[in-house]
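Have a look at the structure below, then the notes.
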Amino acid sequence: MKKYIIFCKRVLLLATPAIASSMLAISPSKAATFASSQGQFNFTQFSQSPTLTSSSIDIENLVIGIDKATATAFADPKAAFIVSPPTASNSSFSIALGEGRDYLALANSQATVLGNFAIDANTNFSFDFLGDLELKTSIDNPPAENARAFGDIFFALFDTNNNSLLDFFSITGNLTTEGNDDFIGVENSDNVSFINRGSNFNFGGKEEFITSSFAGSLQRYFPNQTNLTLIEVKRNQARVSVPEPSNNIAAILVAGVIGVALKRKKN
């Protein structure tokens, strides 16, 4: 019996653009199990420039294979916040592939942008935003094979003076093939409005997908001088395995996701 384990955490630029492009071109039908999760987000048309910005990215990959099984995990996040003209964007991509009788491949990626703003009294603060989320899973032989894709995008506007949440937007999606944990959900506060928002999905069977896109704006009036913090976080996870992970392995995977959320590498 031959067994290999590859674990890499917070390793940036894991593959060259050529390798990444070739992986993107892989069709789910060409792998015994396939999962991908990707998203992108952009802030534009800020009513004023931020006083401070930051961005961070993090990845975590785990590959385990036994005997002649083959598995691959790849993650690629990017993030940037530009002060002048004020724009912010990030993207996150995770993919996992596997073939054989005993393997596990997991890819986590996270991208974050943050900006602080000093708002004068009797001032409107506003910005536009747009983004998308796409999840795909595929298996050949249920129920032995398992593929999962998860992704979420979240932004929040805080009053920094009293650390209170003012406005927010979130979109979360999950696919588990085979399984009944498929969903797509969107939530937002009253000051977030949309000019476009839509989702397509296919739940059930050996191939599933979710595609969702959105575009909108936020506008809020401040009668008093206020300090604001705007943060946007994007997480994407892809996982494939044979057999389906045990409870112990599932606990490790959950811990890995928490680690990605808590330990971020700043640009």
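Residues -20 to -1, 1 to 247 (mature numbering (1 follows the signal peptide of the UniProt record, and there is no 0)) make up the sequence shown, in order. Heads up, the beta-carbon is just placed ideally off N, CA and C, and yes, glycines get one too.
What is the rounded straight-line gap between the Cα of residue i and the Cα of residue j?
i: F21; j: I75; result: 19 Å
i: A53; j: Q90; result: 15 Å
i: P203; j: N102; result: 4 Å
i: T67; j: F23; result: 6 Å
i: N121; j: A12; result: 8 Å
i: T157; j: F130; result: 12 Å
i: S64; j: S29; result: 7 Å
i: F163; j: N154; result: 5 Å
i: V93; j: K48; result: 41 Å
i: S118; j: G80; result: 15 Å
i: N88; j: P223; result: 20 Å
i: A136; j: I46; result: 43 Å
i: I39; j: S193; result: 24 Å
i: E188; j: I211; result: 31 Å
i: G19; j: D112; result: 5 Å
i: L208; j: G178; result: 29 Å
i: L32; j: Y83; result: 44 Å
i: F149; j: A195; result: 11 Å
i: N182; j: K116; result: 10 Å
i: L145; j: S69; result: 22 Å
i: I190; j: N180; result: 6 Å
i: F105; j: P123; result: 51 Å
i: G184; j: D161; result: 10 Å
i: D108; j: D100; result: 20 Å
i: N141; j: T206; result: 7 Å
i: L198; j: S36; result: 23 Å
i: A218; j: F174; result: 29 Å
i: F73; j: A98; result: 33 Å
i: S17; j: R200; result: 32 Å
i: F14; j: L110; result: 27 Å
i: E125; j: G159; result: 11 Å
i: Q25; j: N176; result: 17 Å
i: S71; j: N96; result: 21 Å
With respect to the beta strand (DSSP E) encompassing residue i, which residues constitute its N-terminal and C-terminal limits?
i: A55; result: T50 to A55
i: D162; result: First-last for D162: undefined, no H or E at that position.
i: F26; result: That residue, F26, is in no beta strand (DSSP E); it is neither H nor E in DSSP.
i: A76; result: T67 to E79
i: residue 251; result: Shown here, the chain extends from -20 to 247; a query on residue 251 therefore has no answer.
i: A12; result: Neither: A12 is in no beta strand (DSSP E) and is coded neither H nor E.
Could you please give me the residues that DSSP links to residue i through a beta bridge?
i: N171; result: According to DSSP, which records beta bridges pairwise, N171 is partnered with nothing at all.
i: S17; result: S74 and L115
i: S89; result: I39 and N216
Indicate whether residue i and residue j have their beta-carbon atoms separated by less than 8 Å.
i: S169; j: D139; result: no
i: A127; j: V220; result: yes
i: S34; j: F61; result: yes
i: I133; j: K58; result: no
i: I151; j: V172; result: no
i: A55; j: L77; result: no
i: N143; j: L86; result: no
Any beta strand (DSSP E) of 3 or more consecutive residues that is wholly inside the region 175 to 235: Within the region 175 to 235, the complete beta strand (DSSP E) runs of at least 3 residues are 187 to 202 and 206 to 222.
Runs of beta strand (DSSP E) lying entirely within the region 100 to 165, each at least 3 residues, in chain order: Positions of the beta strand (DSSP E) runs, each at least 3 residues long and wholly inside the region 100 to 165, are given as 103 to 119, 126 to 139 and 144 to 157 in order along the chain.
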